[in-house]
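Below is one structure; the comments refer to it alone.
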Amino acid sequence: MFRAKLAVLLAVLLAALACFGSAYTANPKLVVILIIDQFRGDYLERYHSEFGPNGFRLFTDRGAYFPACYYQYANTRTAPGHATIATGAYSPAHGIFSNDWWDPAQKRMVSSVEDSATKLIGAEVEGVGASPHNLLAGTLGDELRLATQGQSRVYGIALKERAAILSTGYSANGAFWIDADSGAWLTSTYYMSAPPRWLLAFNGGDSAKKYLNQEWKDTDGTLLASTAPHNFDNGKPVPYYELVGSTPFGNDYEFDFARELIQQEKLGYGAVTDLLVISLSANDILGHMSGPDAPEMRAMALALDRQIGDFVSFLNQQYGQGQFWIVLTADHGVAPLHATDKHLNLPAQSPSSADLRSRLNQELSSRLRKQGEYVRSVSYPIVFVNSEAFPPNVSESEAEADVAEAMKSNGFLNAFTKEQMSNGELPPTPLGHLYLNSYSPYGGAWVMGVPTPFSYVAAGIDIANHGAPYSYDQHVPLAFYGPAFKPGVYRDQVEPIDLAPTLAVMLGINKPTSSSGRVLTEAIAQRAGSDEPASARPSRPRAPKESHP
Ligand SMILES: [Zn+2]
Numbered sequence: 001m002f003r004a005k006l007a008v009l010l011a012v013l014l015a016a017l018a019c020f021g022s023a024y025t026a027n028p029k030l031v032v033i034l035i036i037d038q039f040r041g042d043y044l045e046r047y048h049s050e051f052g053p054n055g056f057r058l059f060t061d062r063g064a065y066f067p068a069c070y071y072q073y074a075n076t077r078t079a080p081g082h083a084t085i086a087t088g089a090y091s092p093a094h095g096i097f098s099n100d101w102w103d104p105a106q107k108r109m110v111s112s113v114e115d116s117a118t119k120l121i122g123a124e125v126e127g128v129g130a131s132p133h134n135l136l137a138g139t140l141g142d143e144l145r146l147a148t149q150g151q152s153r154v155y156g157i158a159l160k161e162r163a164a165i166l167s168t169g170y171s172a173n174g175a176f177w178i179d180a181d182s183g184a185w186l187t188s189t190y191y192m193s194a195p196p197r198w199l200l201a202f203n204g205g206d207s208a209k210k211y212l213n214q215e216w217k218d219t220d221g222t223l224l225a226s227t228a229p230h231n232f233d234n235g236k237p238v239p240y241y242e243l244v245g246s247t248p249f250g251n252d253y254e255f256d257f258a259r260e261l262i263q264q265e266k267l268g269y270g271a272v273t274d275l276l277v278i279s280l281s282a283n284d285i286l287g288h289m290s291g292p293d294a295p296e297m298r299a300m301a302l303a304l305d306r307q308i309g310d311f312v313s314f315l316n317q318q319y320g321q322g323q324f325w326i327v328l329t330a331d332h333g334v335a336p337l338h339a340t341d342k343h344l345n346l347p348a349q350s351p352s353s354a355d356l357r358s359r360l361n362q363e364l365s366s367r368l369r370k371q372g373e374y375v376r377s378v379s380y381p382i383v384f385v386n387s388e389a390f391p392p393n394v395s396e397s398e399a400e401a402d403v404a405e406a407m408k409s410n411g412f413l414n415a416f417t418k419e420q421m422s423n424g425e426l427p428p429t430p431l432g433h434l435y436l437n438s439y440s441p442y443g444g445a446w447v448m449g450v451p452t453p454f455s456y457v458a459a460g461i462d463i464a465n466h467g468a469p470y471s472y473d474q475h476v477p478l479a480f481y482g483p484a485f486k487p488g489v490y491r492d493q494v495e496p497i498d499l500a501p502t503l504a505v506m507l508g509i510n511k512p513t514s515s516s517g518r519v520l521t522e523a524i525a526q527r528a529g530s531d532e533p534a535s536a537r538p539s540r541p542r543a544p545k546e547s548h549p
C-alpha cells in the first residue's frame, strides 16, 4: 500500500518536473555576452544561408532574435558602445562619449580607460594601466556582484582594453586585453595586485606565436592574408594586434584565452551565476581596412560562425545544455566604402581630420581677425575646442558656438555644442534625440557635428569607418539563447540598452544603476516554479513565413 502511494507520489513529482523541463531558473551557471566589434545587424541576414547550424543560427533560428536593434545615439564608437551595452544606458548616464577626449586638467588627449593610478601587469610592457574610472554608471556585472555580495565572478576579454574594461564595470574580477606589439595578455593593478600564475604561463607558452606565419584562406582556397611578420613601409614591424588581429586567428586567440580563463578560474562552477563578456575585436580591425562588403568580411563572418559554434559546444561540454545563457550583440556597425558610394551615386564626403582642423582654424582666424589654433583636434565628427585661444571676453560656450558655426559652413549638416547638449537645447526631432543621448561632461569644450549620410574620415590603413548618427553605424545584432528565452524572430525595433535590464530581470537582480532600456518581455520564457500555467505562455515555434529563405 505504502509502496503504491510512494510510486504515485513519485510519478506526480516527475510529471511536475517534466512540466518545468522547458522553463528556466534564474541562476544559470554562466552568462556569456558576445560583443562583436563592428558587426552590422544586416550581416546575420546577408550570410544566413551560408552559416552552419550551430554558430550564428543558434541565435537567429533557435534563440530570441531581434533583427532591428539600433543604437539611439550619435557617437557610434567602440568605447561608448561597450559602456552602453553594460550599463543599459547612453552617454549622458555613463559618461563615455568617445574613445578618447581632451582632458583639461592634464592638457592632453586621454583614452576613455587610461588610468595613471594603475599599472599594466601580465607582461613586461611600457605604458600606464587602465581602469573603468571614467564610467559614471554601474553595469550588469556590478549588479550581479552586488546581488551575491561578490560571490558571482565577472570577467571581460578583448584585444582592446576599452572593450574588456567598459563592458564589465567597476567591480569586475578581471578584464584582459593584449599588448599590441607582442600579443601578450595584460590586465591592470586596478583588478589585481599581481597577474595570476596561469596568465603568465599562457603568455609564456606558444599561445600567441602559433598564430604567426599562418595563411588565411577563403573556403574556395583563395589566400586572403598571411600572418608572417613583416614591416610597414616606414620600416616598423606590423604589430601583432594588426597582423593577427585583422584575421580570424585574432578571434581564435580570444576564444583560446576565454577557454583558459573559464577552466583556470572555474567560471560557472560556483553556487551563483558568473558573467563572462567576450568582445571580438578582429572584425573591427579588419573592417576598417577592407570595408563591409569586401570578400574578406564575408570570410571573417563565416569563420566566426564556426568559431562561435565551437565555443558553444565547449560550453555545452563544460556545463551541460541549458545551464548557460549566451547573448549576441555588437558595439556599432560601419559605413559603406566611399568606392561603393561612388558606384551607387551616394553623395558621401571624405574629409581628412587634419584638413578639417586647418579649414576650421582658418575660418575662425579670419572671423575673429586673429590667427589662432581655435580647434585643438578633430575626432570626426567631434571637434575639440581650444577655448583659451579665443579672446578673454569669449566664454567657453560662445567659443563652442563659434566653432559650430564654422563647422556648418565646412561640410556638416548641423553641429551641436556641448553646452546645448548639456542643457537639452536640441531640436525636438529624432536627430535631436540622438544627440541628447550623446552628451558627456568629459572632454573640455567640444562640438559634435552632424555629418552628411555616408561621410566619414578615411586615413592611413583605415579605408572604412563608423561614428555617425545613421542606421549603418547604429544597426547591430541582438539575440539571446538559453532556456530563459522564448525562441522567435521579434521584428519590433529595439535598442542595445535593452540587453542589460532584460538579463537583470531574468536573473532576479536590480537593473544597472542608470539603465533606461526596456525589458524585452516578449522574449522571456516561463520561469520554473511560476504558478502561471504553462499554457499561458506557450513557447512560440517559428512560423513558416518567418523562416529564412
Ligand atoms: Zn572601429
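Mapping of the sequence shown onto the numbering used here: residues 1 to 549, in sequence order.
Cβ coordinates follow ideal geometry from the N, Cα and C atoms, glycine included.
Note that the structure is a prediction, hence the values are computed from the model and not measured.
**Reduced DSSP category for Lys217 - H, G, I as helix; E, B as strand; rest coil** = Position 217 of the sequence shown, counted from the start, is the residue given in the question as residue 217. DSSP places Lys217 in the strand class (E or B) of the three-state scheme.
**Request:** Compute the Euclidean distance between the alpha carbons of Arg357 and Pro104, then round it to the nearest angstrom.
**Result:** Counted from its first residue, the sequence shown places residue 357 at position 357. Counted from its first residue, the sequence shown places residue 104 at position 104. C-alpha separation (whole angstroms): 19 Å.
**Request:** Would you grab the beta carbon distance between Pro92 and Asn423 for me? Rounded to a whole angstrom, and I think it's under 8 Å.
**Result:** Taking the sequence shown and counting its residues from 1, the one referred to as residue 92 is at position 92. Taking the sequence shown and counting its residues from 1, the one referred to as residue 423 is at position 423. Contact between Pro92 and Asn423 does not hold, since the beta-carbon distance rounds to 12 Å and is not under 8 Å.
**Item:** Reduced DSSP secondary structure (H/G/I, E/B, other) of His475
**Value:** Your numbering for residue 475 matches position 475 in the sequence shown. Correct three-state label for His475: strand.
**Residue of Phe66, Asp252, Ser281 and Gly443 minimising C-alpha distance to Gln493** = For this step, residue 493 is matched to residue 493 along the sequence shown. Ranked by Cα distance from Gln493, the first of Phe66, Asp252, Ser281 and Gly443 is Phe66.
**Request:** Using beta-carbon positions only, say whether Glu44 and Val154 come within less than 7 Å of one another.
**Result:** By 1-based counting over the sequence shown, the position of residue 44 is 44. By 1-based counting over the sequence shown, the position of residue 154 is 154. According to the sequence as given, residue 44 is Leu; it is not Glu. Taking 7 Å as the Cβ cut-off, Leu44 and Val154 do not qualify as a contacting pair.
**Prompt:** Which residues does DSSP pair with Gly138 in a beta bridge?
**Reply:** Working through the sequence shown from its first residue, we reach residue 138 at position 138. For Gly138, DSSP records no beta bridge to any residue.
**Prompt:** Around ligand 1, what residues have a beta-carbon under 6 Å from a heavy atom of it, in chain order?
**Reply:** Any residue whose Cβ sits closer than 6 Å to a heavy atom of ligand 1 makes the list: Gln38, Thr78, Asp284, His288 and His466.
**Message:** DSSP has Asp274 in a bridge; who is on the other side?
**Reply:** Along the sequence shown, one-based indexing puts residue 274 at 274. Per DSSP, the beta bridge partners of Asp274 are Leu30.
**Endpoints, the beta strand (DSSP E) within which Arg376 is located** = As a position in the sequence shown, residue 376 is number 376, starting the count at 1. Val375 to Ser379 is the extent of the beta strand (DSSP E) around Arg376.
**Prompt:** Cβ atoms of Leu360 and Ala595: under 7 Å apart, would you say?
**Reply:** With the chain running from 1 to 549 in the structure shown, residue 595 is simply not present.
**Asked** Which residues share a DSSP beta bridge with Val552?
**Response** Because the chain in this structure spans residues 1 to 549, residue 552 falls outside the shown range and cannot be described.
**Request:** Please state if the CB of Ser516 and the CB of Ala89 are separated by a distance shorter than 7 Å.
**Result:** Your numbering for residue 89 matches position 89 in the sequence shown. Your numbering for residue 516 matches position 516 in the sequence shown. In this structure, Ser516 lies closer than 7 Å to Ala89 by Cβ.
**Request:** Evaluate Tyr269 with the Cβ neighbour count: other Cβ atoms within 10 Å of its Cβ, from every protein chain shown; 16 or more gives buried, anything less gives exposed.
**Result:** For the purposes of this step, residue 269 is identified with residue 269 of the sequence shown, where counting begins at 1. Here Tyr269 is exposed. Its C-beta has fewer than 16 other C-beta atoms within 10 Å.
**Asked** What is the rounded straight-line gap between the Cα of Phe412 and the Cα of Phe255?
**Response** The residue given as residue 412 occupies position 412 in the sequence shown. The residue given as residue 255 occupies position 255 in the sequence shown. Just so you know, the alpha carbons of Phe412 and Phe255 end up roughly 41 Å apart.
**Coarse secondary structure for Tyr190, derived from DSSP in three states** = The residue given as residue 190 occupies position 190 in the sequence shown. Tyr190 falls in the coil class under three-state DSSP.
**Asked** Within this structure, are the beta carbons of Tyr240 and Gly183 separated by less than 7 Å?
**Response** Along the sequence shown, read from residue 1 onward, the residue named residue 240 stands at position 240. Along the sequence shown, read from residue 1 onward, the residue named residue 183 stands at position 183. One thing to note: Tyr240 has its Cβ within 7 Å of the Cβ of Gly183.
**Asked** What separation, rounded to the nearest whole angstrom, lies between the Cα atoms of Glu425 and Trp198?
**Response** Taking the first residue of the sequence shown as position 1, residue 425 is located at position 425. Taking the first residue of the sequence shown as position 1, residue 198 is located at position 198. Each residue's Cα considered, the two are about 52 Å apart.
**Other residues of its chain near Glu396: CB distance less than 7 Å, five sequence neighbours each side excluded** = Taking the sequence shown and counting its residues from 1, the one referred to as residue 396 is at position 396. Cβ within range, chain order: Ser387 and Ala445.
**Inter-residue spacing [alpha-carbon to alpha-carbon] between Arg108 and Asn54** = Your numbering for residue 108 matches position 108 in the sequence shown. Your numbering for residue 54 matches position 54 in the sequence shown. Whole-angstrom Cα-Cα distance: 47 Å.
**Message:** Assess contact between the stretch 309 to 328 and the stretch 174 to 192, defined as three or more Cβ pairs (one per stretch) separated by less than 8 Å. Is contact present?
**Reply:** Under the 8 Å Cβ criterion, the stretch 309 to 328 does not count as touching the stretch 174 to 192, having fewer than three qualifying pairs.
**8 Å contact criterion, which Asn134 and Ser112 should meet: CB distance rounded** = Within the sequence shown, numbered from 1, the residue matching residue 134 stands at position 134. Within the sequence shown, numbered from 1, the residue matching residue 112 stands at position 112. About 6 Å; that satisfies the 8 Å criterion.
**Prompt:** Roughly how far, in whole angstroms, is the beta-carbon of Phe249 from the beta-carbon of Gln214, given that I think they are within contact range, below 8 Å?
**Reply:** For the purposes of this step, residue 249 is taken as the residue at position 249 of the sequence shown. For the purposes of this step, residue 214 is taken as the residue at position 214 of the sequence shown. About 6 Å separates the CB atoms of Phe249 and Gln214; that is less than 8 Å, so the two are in contact.
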